[in-house]
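0 is the number of the first residue of the sequence shown in numbering that gives the first Met the number 0; add one for each residue after it. Notes follow the structure.
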Amino acid sequence: MPSTPKSEQDWKKKLTKEQYHILREKGTEQAFTGKYHDSKEKGMYVCAGCGEKLFSSDSKFDSRSGWPSFYAPTAKDKIESKSDFSFLMKRTEVMCSKCKGHLGHVFNDGPKPTGKRFCINSASLNFKKK
Ligand code: FE
């Protein structure tokens, strides 16, 4: 397991500019530009910040939103959520509970079995092929 940086300086060293902007400054990548929105490969999506296993490809679905979308994390306690009122919308932000990196948002219009849509930035994830 890669170590989790302690200071923002260390995060800047570890992450690319885009990863830093999204994970640490709660940015959002443009739809359809990320590397995973269209991927159907089998494997595990881990946090780009700390390496924690967050989403299995088994829970990935095609939301046509332009961001990788999952109906559930690997375990509930891997994800922290928080109300987000930015851009005059009430949304629920989701973060990696281990390193507190911003991942994206969760919505209630997902498929069965959870009805949830975890809408995640590709830049917040790394993929480990099975
Ligand atoms: Fe993390």
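Each residue gets a CB set at the ideal place from its N, CA and C atoms; glycine is no exception.
If you draw a 10 Å sphere on the C-beta of Ser-6, you find fewer than 16 other C-beta atoms in it, and that means exposed. The ligand FE approaches Lys-97 closely enough that one of its heavy atoms is under 7 Å from the residue's Cβ.
By the Cβ rule, the region 117-125 counts as touching the region 21-29, because three or more pairs are nearer than 8 Å. If you keep only unbroken beta strand (DSSP E) runs of at least 3 residues inside the region 19-76, you get 42-46 and 52-55. Residue side-chain check: Gly-48 places its Cβ nearer than 7 Å to a non-hydrogen atom of the ligand FE.
Distances between the C-beta of Glu-51 and the heavy atoms of the ligand FE include at least one below 7 Å.
The nearest non-hydrogen atom of the ligand FE is 7 Å or more from the C-beta of Gly-26.
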